[in-house]
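First comes the structure, then the notes that go with it.
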Amino acid sequence: MSRVDFYILPEGAGTDRFACSIAKKAWLAGNRVHIHTQSEDNAKNIDDLLWTFRDISFIPHELYDGTVDEETPVTIGFGNSFPEQSQVIINLDNDIPDFASSFDRIVEIVGGDETNKEFARRRYKQYKSGDYETHDHKIDNLQDHG
Numbered sequence: 015m016s017r018v019d020f021y022i023l024p025e026g027a028g029t030d031r032f033a034c035s036i037a038k039k040a041w042l043a044g045n046r047v048h049i050h051t052q053s054e055d056n057a058k059n060i061d062d063l064l065w066t067f068r069d070i071s072f073i074p075h076e077l078y079d080g081t082v083d084e085e086t087p088v089t090i091g092f093g094n095s096f097p098e099q100s101q102v103i104i105n106l107d108n109d110i111p112d113f114a115s116s117f118d119r120i121v122e123i124v125g126g127d128e129t130n131k132e133f134a135r136r137r138y139k140q141y142k143s144g145d146y147e148t149h150d151h152k153i154d155n156l157q158d159h160g
């Protein structure tokens, strides 16, 4: 059974930057991470952000194109392909990817705006009706998660 963690961010908080923070923590804990986005443009934005979101740190990563270097702990992709050796998926899409259950842990980040919350509610119901263990985390202070 996959574990799903919903991180509920405060109003106005950026989901992409928080995704980078979660990716870093998961990588430092020894996990291989895949960040799933809605589109190629979104994937490229996350790629750029992973280079710059912290001045003093670096997260080894690459855009996933169907192959991945064994040494790369974080991949970014979109569509229906994913690196099978990853343990954690950070889902930045409005929908649950068909392959989500292939991961041990699924991270869902809920932004503060109402549209994002509505998509998250729909995903939450889908997870609850499936064979997933769900957990909610209300994030009040983003500085504790950087």
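15 is the number of the first residue of the sequence shown in the working numbering; add one for each residue after it.
Every residue, glycine too, gets a C-beta built ideally from N, C-alpha and C.
Alpha helix (DSSP H) containing residue i: first to last residue?
i	result
aspartate 79	Unbroken run through aspartate 79: none, as it is neither H nor E.
aspartate 150	First-last for aspartate 150: 146–152, but that is the beta strand (DSSP E), not the alpha helix (DSSP H).
DSSP state of residue i, grouped into three classes?
i	result
phenylalanine 72	coil
arginine 46	coil
threonine 66	helix
serine 16	strand
Check whether the Cβ atoms of residue i and residue j lie closer than 8 Å to each other.
i	j	result
lysine 152	isoleucine 36	no
aspartate 112	asparagine 94	yes
aspartate 150	phenylalanine 32	no
serine 16	aspartate 154	no
aspartate 107	glutamine 52	yes
glutamate 76	threonine 86	yes
glycine 91	alanine 57	yes
isoleucine 70	leucine 64	no
glycine 144	threonine 29	no
asparagine 148	tyrosine 138	The question names asparagine, yet the displayed sequence has threonine at residue 148. It is a contact, given that the beta carbons lie within the stated cut-off.
alanine 114	isoleucine 120	yes
How far does the beta strand (DSSP E) with residue i in it reach, from first residue to last?
i	result
phenylalanine 92	88–92
Less than 7 Å separating the Cβ of residue i from some heavy atom of the ligand SAH?
i	result
isoleucine 73	What this structure holds is no ligand at all, so the ligand SAH is not there to describe.
Can you check the stretch 99–134 for any beta strand (DSSP E) of at least 3 residues that lies completely inside it and give the ranges in chain order?
-> 102–105 and 119–124
Between the stretch 100–116 and the stretch 43–58, do three or more beta carbon pairs fall short of 8 Å?
-> yes
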